[in-house]
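Contents: one structure, followed by commentary.
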Amino acid sequence: MIDLGSPEMTMLWLSAALGIVYLLAAILASVAGRGMPWAIGPRDEGWPAIGKIGARIERAWRNFMETFPLFAAAILVEASAGHGSALAPIGAQLYFWSRVAFLPIYAFGLPVIRTLVWTISLAGIVLILAACLPGL
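Structure (structure tokens):
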């Protein structure tokens, strides 16, 4: 049975909420850069440029959407495995907190730190998957 009160499930819930923050940041950057008429229109003319920071925020949103399904799947598989490994809560915390840091780091254009923080989030997913293995 899945423990909805576990640290991993808490991090999954918080990460889903964080995804909404990423989405709202991307929407606000898009509307600020492209204007409300474009945002509510049919967008037949393509996607106008929105500036460096807005474009970074959009890329951060897409990056979140590339990693979050892997994180969510890893959490659900680990919870179903029921091994109770100490690696899973650590991995979930690493993923969540690195994704919290990732958005402003990406928006400010800090390339080396951005890559390091992204790598930490990926390491969190790997730890959760490792926790699914018997004996870990």
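First residue of the sequence shown? That's 621 in our numbering, and the numbers climb one at a time after it. Every residue, glycine too, gets a C-beta built ideally from N, C-alpha and C.
Closer than 7 Å: residue i CB and nearest the ligand NAD heavy atom
| i | result |
| --- | --- |
| Leu753 | With respect to the ligand NAD, the structure offers nothing, as it holds no ligand at all. |
Proximity winner among the options, relative to residue i (alpha-carbon distances)
| i | options | result |
| --- | --- | --- |
| Ala652 | Ala636, Gly674, Trp633, Pro662 | Gly674 |
| Arg734 | Gly639, Ala669, Arg676 | Arg676 |
| Pro731 | Trp633, Leu643, Ala680 | Ala680 |
| Ile640 | Met629, Gly655, Gly704, Glu678 | Glu678 |
| Val743 | Val720, Gln713, Ile725 | It should be noted that the sequence gives Ala, not Val, for residue 743. Measuring from the Cα of Ala743, the nearest candidate turns out to be Gln713. |
| Thr739 | Tyr726, Ser718, Ala751, Gly755 | Ser718 |
| Arg682 | Tyr642, Gly655, Trp633 | Tyr642 |
| Gly702 | Ile725, Gly755, Thr687 | Gly755 |
Outcome for residue i when other beta-carbon atoms lying within 10 angstroms are tallied against a minimum of 16
| i | result |
| --- | --- |
| Met685 | exposed |
| Val697 | exposed |
| Pro657 | exposed |
| Leu736 | exposed |
| Phe728 | exposed |
| Ser700 | exposed |
| Leu648 | exposed |
| Leu753 | exposed |
| Leu751 | A quick correction: the sequence has Ala, not Leu, at residue 751. With 16 or more Cβ atoms within 10 Å of its Cβ, Ala751 is classed as buried. |
C-beta contact flag for residue i and residue j at 8 Å
| i | j | result |
| --- | --- | --- |
| Ser650 | Phe691 | no |
| Ile745 | Gly711 | yes |
| Leu749 | Ala706 | no |
| Pro645 | Leu723 | Here residue 645 turns out to be Ala, not Pro, going by the sequence shown. Yes; because the gap between Cβ atoms is below 8 Å, this pair is in contact. |
| Pro689 | Pro627 | no |
| Met629 | Phe716 | no |
Any chain C beta carbon closer than 8 Å to residue i
| i | result |
| --- | --- |
| Leu714 | Of the protein chains in the structure, only one exists, and it is not chain C. |
Hey, which unbroken runs of the alpha helix (DSSP H) at 4 residues or more fall wholly within the region 666-728?
-> 672-701, 707-727
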